[in-house]
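> Chains S and G are the protein sequences, given in the same order.
Residue numbering for the first sequence follows our numbering, starting at 93 and increasing by one per position.
Residue numbering for the second sequence follows our numbering, starting at 93 and increasing by one per position.
From the three backbone atoms N, C-alpha and C, an ideal C-beta is built for every residue, glycine too.
Got a structure for you, questions after.
There are 2 protein chains.
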Amino acid sequence: VNAILLSIGTEIVAVPRRDTNSQHIMEALAAIGVEVSGIKLLADDAELIAAELRAAQLHADVIIATGGLGPTSDDLTRQALALATGRSLNRAAELVREIRGRFERLGRFMPAINDVQADLVDGAIPISNPNGTAPGQWLLWDRCVVFLLPGPPPEMRPMLEASVLPQLRERSGRRVQRTRVLKIAFAGESAIEAVAAPIYQRHPGVRTTILAGAGQVELHFAAWAESAAAADETLNGLARQVRAALPGRVYAEDGAALHEVVARLLAAQGLTLSLAESCTGGLISASLTEVPGASRFFRVGYVCYSNDAKTDLLGVRPELIERLGAVSAEVALAMAHGARARAKTDLALAVTGIAGPEGGSPEKPTGLVFVAIAYPGGDFVRRFVCLGNRARVRAQTETLALEIARCHLLGLPWP
Amino acid sequence: VNAILLSIGTEIVAVPRRDTNSQHIMEALAAIGVEVSGIKLLADDAELIAAELRAAQLHADVIIATGGLGPTSDDLTRQALALATGRSLNRAAELVREIRGRFERLGRFMPAINDVQADLVDGAIPISNPNGTAPGQWLLWDRCVVFLLPGPPPEMRPMLEASVLPQLRERSGRRVQRTRVLKIAFAGESAIEAVAAPIYQRHPGVRTTILAGAGQVELHFAAWAESAAAADETLNGLARQVRAALPGRVYAEDGAALHEVVARLLAAQGLTLSLAESCTGGLISASLTEVPGASRFFRVGYVCYSNDAKTDLLGVRPELIERLGAVSAEVALAMAHGARARAKTDLALAVTGIAGPEGGSPEKPTGLVFVAIAYPGGDFVRRFVCLGNRARVRAQTETLALEIARCHLLGLPWP
């Protein structure tokens, strides 16, 4: 089974890097044995899109087009499919009601132009969109099945998952690809490669890719087999060997982000957390509260950007800041203890550092950070110098802080 | 003048991110006034490539295909062009000599299969490749000009520069493209379209695209003219009319993000800010402190996830929370006043809401948020229902809060 993807929108042709949908869909299809032979990025031009749909239909079993389903005059994918197939475009009364109902429930006025989102190509079946107003649609066109999905990834992805993949899984009976991603925080790419390469070189049938960024390393493994179970078995063996070579360091194999792993551990252990952030400015609080149900463990985040705030909010003594500087191990520890006492939480994490571009000095360079944790009966502080620009220093500091929390929660040695 | 790009190679379809050629060529063409209307990433399949060349030839004045010119059996672009045009493929004796000479000069043995790189489609003119063995070729195919270039960027780019762009510059009349992006926060796509469309429809020479996401709308304009100054003049006029039709709503034309605009205004006016965040969990603090020099205006961020934290940190009366709920206009205002008083800042922004997926009720649905601002001598609170999942609710809430701050700082009516 063979697919061609169309990513539609003049802005995508202007900046091809913006097309994240093709990559996502390609990976989802590979996992169910559907091979992508072509990807087309097309401007909002109905004639062009229609011609490209016709050319794709000659070669592909499956066409998935994303984008161009909005209400405005440059959203032309529906019209293009009608043009390509020579079928009419009909306004579906029940879809009009649904779209209007959505606006009404939100207490908003619906501009009349939104009605065009209810247009279906003759014979097409609507695909509901729980996260937006534009429904999708799918159509059998001779031996080819065509799916139209909206472009915004938060709308497209759940629709792909719920309505496209199950149907295609039926159609493809080919070899199955399974993937596994092992994530390691606060580690360098070459150090991990040195340990892991001898292992994955013994598995030549598995495709391995190493990705590194912001103090994290990801090992991506892809295996093909006759069945998902057989591919999983290969990956299980490989993952077991990597874990044994890097004890305690692999924090996720299921795609979870580090903040999700820490959130799960806190929730499972029934512990509460507060945060005191200086250079990260709320980044760590924002990550942890991104997780649904964060209120079970997250109490308070103090974003103490100024020295006064560190004193007023957390009780850090001004003499300490004056003597050792706000960026020091002692101030990081005082922030953690202050947050833990004032927020009355089991744990507190604190970070202080120089994110740059200003504020560095020979003794305290840009990128210098201290991360502290306070817990019942103890504390710990780690000094580190991050490389890179302001955004990278902040991201690496977040990774270090979350990894310190993970090690505490699992009783692992400090990173 | 209108172009379609083909990026050929099975590895490119497997990882679309790897296709850096399209982005590079698209930018080079835009600069000389050639518009790209489609980009195709295609697997090494001669029939597929031939069909896609034929479809492109119907719509484009220019086709540039990169990749598939190597010597191995999966390099099929030459054959595909012969197939598409119905012309023969002839081995050019002088190209064979050139390719062999290159190997000899490097003191290497040339495998016989390299001879196929000397195959030219009937009527095609070779394009020399100073950095590799695969020559390119170009061909007039009815009214369309087709260029075949090798895939490796270090070979492709100099050939594009030396042999493709000069020819296309002639054809396009050296027209220059300039672009402008107008950003509008806390607005719906269709509402902005309704106001802006009558304006940009009066400028048919300007290509307009509307992008929407997380409570923001972007109007992208691209104009072509004989000179950059002339294109800028067109864009200036168009932007002036849009600003006049949407008074005060366009927050940036220079690519700045909303948090950067708010940060600039605070720094310029010498005002300080504190934040009280519930459902956004530190997201707004993290954005504002992303801006270098944020310590000039940013004092304290309170991430008050629990009701107790709202009381302890900000002095919100527990009876108020009990009577009206933590997600209410009154609590949002009390949070803002509490933050402003305790952090001793000129302004304070506060947000409280239900980010979901849990916590909603018929009277207070998921997505309901209140955003408040407290300033010297006054306050303001806005109720809003956000669409979408937890991440989108949080992102839209951030946009609304920052837009309220921007309106206050510029003396604009509340959004």
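Decide yes or no for the touch test of the segment 427-439 of chain S against the segment 478-485 of chain S: beta carbon pairs closer than 8 Å, at least 3 of them.
Short answer: they don't touch.
> Report the option in S:Arg200, S:Trp316, S:Asp166 and S:Gln149 whose CA atom is closest to the CA atom of Arg299 of chain S.
The shortest Cα separation from Arg299 of chain S among S:Arg200, S:Trp316, S:Asp166 and S:Gln149 belongs to S:Trp316.
> Name, going along the chain, the residues of the segment 311-345 of chain G whose beta-carbon falls closer than 9 Å to a beta-carbon of chain S.
Under the 9 Å Cβ criterion, the segment 311-345 of chain G contributes His312 and Ala314.
> Closer than 9 Å by beta-carbon distance: list the chain G residues that pair up with Met118 of chain S, in chain order.
Those within 9 Å of Met118 of chain S in chain G are Val105, Ala106, Val107 and Pro108.
> On the DSSP letters alone, give me the boundaries of the alpha helix (DSSP H) that Phe201 of chain G sits inside.
No alpha helix (DSSP H) contains Phe201 of chain G, which DSSP labels as neither H nor E.
> Round the Cβ separation of Ile219 of chain S and Trp233 of chain S to the nearest angstrom and send it over; I've been treating them as touching at under 8 Å.
Contact flag wrong, Cβ pair sits at about 16 Å.
> CB-CB under 8 Å to Gln361 of chain G, same chain, minus the five flanking residues each way: which ones, in chain order?
Leu501, listed in sequence order.
> Would Thr372 of chain S pass as a contact of Phe313 of chain S if the rule is Cβ separation under 8 Å?
No, the Cβ-Cβ distance between Thr372 of chain S and Phe313 of chain S is not below 8 Å.
> Let's test the definition: count the other Cβ atoms within 10 Å of the Cβ of Val128 of chain S and tell me whether it reaches 16, buried, or not, exposed.
Buried, because 16 or more other Cβ atoms sit within 10 Å of the Cβ of Val128 of chain S.
> Residue range of the beta strand (DSSP E) that Lys132 of chain S falls in?
Note, Lys132 of chain S: beta strand (DSSP E), Glu127 to Leu134.
> Could you pull out every residue in the same chain whose Cβ sits closer than 8 Å to the Cβ of Ala359 of chain G, ignoring the five residues on either side in sequence?
Cβ neighbours of Ala359 of chain G beyond the five flanking positions: Gly385, Arg388 and Phe389.
> Leaving out five residues on either side along the sequence, give the residues of the same chain with a beta carbon under 8 Å from the beta carbon of Glu382 of chain S.
Around Glu382 of chain S: His351.
> Does DSSP put Gln171 of chain G in a helix, a strand or coil?
In the structure shown, Gln171 of chain G sits in a helix (DSSP, three-state: H, G or I).
> Quick one, are the C-beta atoms of Val395 of chain S and Cys396 of chain G less than 8 Å apart?
For Val395 of chain S and Cys396 of chain G, no; Cβs fall outside 8 Å.
> Please report the Cβ distance between Ile141 of chain G and Leu134 of chain G, rounded to the nearest whole angstrom; I am assuming they are in contact, meaning their Cβ atoms lie under 8 Å.
Indeed they touch by this definition, with Cβ atoms about 5 Å apart.
> Determine the contact status of Phe278 of chain S and Pro507 of chain S, defining contact as a CB-CB distance below 8 Å.
Contact flag set, yes.
> What residue ranges within the segment 315-392 of chain S form continuous beta strand (DSSP E) runs of no fewer than 3 residues, ordered along the chain?
Runs of the beta strand (DSSP E) inside the segment 315-392 of chain S: 342-344 and 365-369.
> Can you find the residues in the same chain that come closer than 6 Å, C-beta to C-beta, to Met202 of chain S, ignoring five residues on each side of it along the sequence?
Hits under 6 Å: Arg192 and Phe195.
> Less than 7 Å between C-beta atoms, sequence neighbours within five positions excluded: which residues of the same chain meet that for Val213 of chain S?
Within the same chain, Val213 of chain S has close Cβ partners Arg170, Leu173, Ala174, Thr177, Arg179, Leu181, Gln229 and Leu231.
> When you compare only the Cα positions, how much space is there between Ile124 of chain G and Arg261 of chain G?
About 6 Å.
> In terms of DSSP beta bridges, what is Leu232 of chain S paired with?
Its beta-bridge partners are S:Val237.
> Is the Cβ of Arg391 of chain S closer than 8 Å to any Cβ of chain G?
Cβ-Cβ to chain G under 8 Å: yes for Arg391 of chain S.
> To test your reading of the DSSP string, which unbroken beta strand (DSSP E) runs of 3 or more residues are found completely within the segment 433-484 of chain S?
Runs of the beta strand (DSSP E) inside the segment 433-484 of chain S: 439-445, 460-467 and 470-477.
> Measure the CB-CB distance between Thr491 of chain G and Gln308 of chain G and report whether it falls below 8 Å.
In contact: Thr491 of chain G and Gln308 of chain G (Cβ atoms closer than 8 Å).
> Taking buried to mean at least 16 other C-beta atoms within 10 Å of its own C-beta, is Pro227 of chain S buried or exposed?
Pro227 of chain S should be labelled buried.
> Do you know offhand how far Val353 of chain S's Cα is from Ser377 of chain G's?
Distance between the alpha carbons of Val353 of chain S and Ser377 of chain G: 23 Å.
> For a contact defined as C-beta to C-beta under 7 Å, what are the partners of Leu303 of chain G on chain S?
Within chain S, the residues near Leu303 of chain G are Glu103.
> Given this structure, state the Cα-to-Cα distance separating Ser453 of chain G from Glu450 of chain S, to the nearest angstrom.
Distance between the alpha carbons of Ser453 of chain G and Glu450 of chain S is about 47 Å.
> Any C-beta of chain G within less than 7 Å: which residues of the segment 195-214 of chain S qualify?
So the close ones are Leu198, Gly199, Pro203, Ile205 and Asn206.
> Who pairs with Pro218 of chain G in a beta bridge, going by DSSP?
DSSP output for Pro218 of chain G lists G:Gln229 as bridge partner(s).
> Applying the 10 Å Cβ sphere with the 16-neighbour rule, what's the burial state of Gln488 of chain G?
Classification for Gln488 of chain G: buried.
> Please decide whether His151 of chain G counts as near chain S, where near means a Cβ-Cβ distance under 8 Å.
For His151 of chain G, the answer is yes, since a Cβ of chain S falls inside 8 Å of its Cβ.
> In whole angstroms, what separates the C-alpha of Ala483 of chain S from that of Ala493 of chain S?
Looking at the two C-alpha atoms, the distance is approximately 16 Å.
> Could you list which residues in chain S have their beta carbon closer than 8 Å to that of Arg484 of chain G, in chain order?
Within chain S, the residues near Arg484 of chain G are Asn223 and Pro246.
> Suppose the cutoff is 8 Å on Cβ atoms and the five residues either side in sequence are ignored; what does the same chain contact list for Pro108 of chain S look like?
Excluding sequence neighbours, Pro108 of chain S sits near Leu133.
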